[in-house]
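These notes are about the structure you will find just below.
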RNA sequence: GGUCCGGUGGCAGAGUGGUGAUGCAGCGGACUGCAAAUCCGCGUAUGUGGGUUCGAUUCCCGCCCGGACCUCCA
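Numbering (my numbering), first residue to last: 632 to 1074.
If you want it as structure tokens, here you go:
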């Protein structure tokens, strides 16, 4: 498996630190609102990556965190007049349901920030003891100048950062670039006792603590969106490497590209915010999943209705091939598919191979059909029964109408047969006459 | 303003220093009562100007255009 490593800017072969055991950490959701379709992209990408890795290595530990302590959550709870626990529990349940609906398998570990407070405090204590952090007015801040390599990861110098900064610098910061590790909580907000008083963790320290707790000081892959490169990942690296001298933290950094809607960034002000639920209400989940995989993971992806419709048509083609030629049995993943996936997770290329297999299956090759299903399993698609894909649950009334139409056709009453077909078409039922009889599907 | 990424046919989207995948759409044909589906065939692309090279879409430089980040963000 070769992956583009943002740390080195090169495509590198994945060689697990612990032979045979790949350890991967991905930044997960902050649970304050329904997940949008942009949140779905990394979930799907890292799900596919974990599936491929599980096929190649004896053991894979995939950790995806949940940020359940955050100002956004607190604000949302206050606005809605409900407790913070209500918000996080409900949102997390919704997130899991939506992500599962998109065909993602659960990660091996899904740690929550609120369950990782002790490790967070331990790391902060280590940072203070080694002079990389300091307490001030109930806050604990990371001292950016204490880490010579700060900025190296994201490719920017601390001076540049200040030049472009548009925020006021809090008076208790020694350096404008210093960021919060711990901050005080008021009595009405969630808080934990700490050597610096009752408070809560900053956002960046959570990921350092959760990856440490579940994967150790060194692990193989760290994933997340490109928007997290700075400051989030830069800060994670600074915290972890300073807290654990000699460690290298994550060896490979994988970043997924952003997703836009009709060419525009999703934002509340533009009113183009699309949740996973919005999408699932319109099209089968698999169509959304295929669309997310049709573009290479590092590229910008335009998510729109036309693209969604096209993805659905492609799936129709795969399922049509399966309906025509049922798989001969359990298939094998073709070499071309593994090669494409191992080459920096080239899912668009895999999909083109899938189309080739569909052609063969369409022509009657049951082995190709089986292999197509096996390859589709790696992407998390083409696992449904074709009959279910096209028609959902059976419908006796539709079958009766089709029988009536067949009778009309037999007596060459084409006016009536066309009328029946038209009626069904208006209800979204499309008929297909073939040598083996008439089949139907929902539009 | 700074840093970085990208510009491939009508659209989406891979790959590659030596005749440019795949899908959608379009066109022609076969099949069909007519369709649909399927099959066969066709057309159209590497932003721009230089450089390196026997040869560049691919490597290097300038320009133009688009995007991301610099602030919470997948």
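Where a beta carbon is used, it is the ideal one built from N, C-alpha and C, also for glycine.
Assigned exposure category for residue i - 16 Cβ within 10 Å defines buried
{"i": "residue 971", "result": "buried"}
{"i": "residue 736", "result": "exposed"}
{"i": "residue 1014", "result": "exposed"}
{"i": "residue 825", "result": "buried"}
{"i": "residue 712", "result": "exposed"}
{"i": "residue 1045", "result": "exposed"}
{"i": "residue 795", "result": "In this prediction, residue 795 has a pLDDT of 42, which is less than 50 and means its spatial position is unreliable; nothing more can be read from the coordinates."}
{"i": "residue 696", "result": "buried"}
{"i": "residue 818", "result": "exposed"}
{"i": "residue 682", "result": "buried"}
Proximity winner among the options, relative to residue i (alpha-carbon distances)
{"i": "residue 1057", "options": "1048, 1074 and 750", "result": "1074"}
{"i": "residue 907", "options": "1008, 975 and 664", "result": "664"}
{"i": "residue 706", "options": "671, 805 and 662", "result": "662"}
{"i": "residue 1001", "options": "777, 732 and 952", "result": "952"}
{"i": "residue 848", "options": "763, 649, 960 and 725", "result": "649"}
{"i": "residue 803", "options": "755, 873, 769 and 827", "result": "769"}
{"i": "residue 719", "options": "840, 913 and 700", "result": "700"}
{"i": "residue 632", "options": "647, 993 and 640", "result": "647"}
{"i": "residue 773", "options": "927, 1070, 871 and 1020", "result": "871"}
{"i": "residue 810", "options": "637, 1037 and 781", "result": "781"}
{"i": "residue 894", "options": "924, 879 and 936", "result": "936"}
{"i": "residue 814", "options": "958, 831, 1020 and 1063", "result": "831"}
C-beta contact flag for residue i and residue j at 9 Å
{"i": "residue 867", "j": "residue 853", "result": "yes"}
{"i": "residue 905", "j": "residue 897", "result": "yes"}
{"i": "residue 759", "j": "residue 775", "result": "no"}
{"i": "residue 963", "j": "residue 1009", "result": "no"}
{"i": "residue 717", "j": "residue 708", "result": "yes"}
{"i": "residue 985", "j": "residue 1007", "result": "yes"}
{"i": "residue 975", "j": "residue 634", "result": "yes"}
{"i": "residue 785", "j": "residue 865", "result": "yes"}
{"i": "residue 1003", "j": "residue 988", "result": "yes"}
For residue i, three-class secondary structure by DSSP
{"i": "residue 1020", "result": "helix"}
{"i": "residue 720", "result": "helix"}
{"i": "residue 634", "result": "strand"}
{"i": "residue 649", "result": "strand"}
{"i": "residue 665", "result": "coil"}
{"i": "residue 656", "result": "strand"}
{"i": "residue 773", "result": "strand"}
{"i": "residue 736", "result": "coil"}
{"i": "residue 1045", "result": "helix"}
{"i": "residue 840", "result": "helix"}
{"i": "residue 687", "result": "helix"}
{"i": "residue 1013", "result": "coil"}
Own chain, CB closer than 6 Å to residue i, minus 5 neighbours either side, in chain order
{"i": "residue 1050", "result": "none"}
{"i": "residue 934", "result": "668, 890 and 892"}
{"i": "residue 734", "result": "920 and 1011"}
{"i": "residue 677", "result": "657 and 854"}
{"i": "residue 841", "result": "696, 742 and 747"}
{"i": "residue 637", "result": "884 and 886"}
Cβ-based neighbour list, residue i, same chain, cut-off 8 Å, excluding 5 preceding and 5 following
{"i": "residue 692", "result": "652, 653, 654, 655, 739, 740, 845 and 846"}
{"i": "residue 863", "result": "658, 834, 835, 838 and 855"}
Proximal residues to residue i (C-beta, below 7 Å), its chain only, five neighbours per side dropped
{"i": "residue 1032", "result": "1051 and 1055"}
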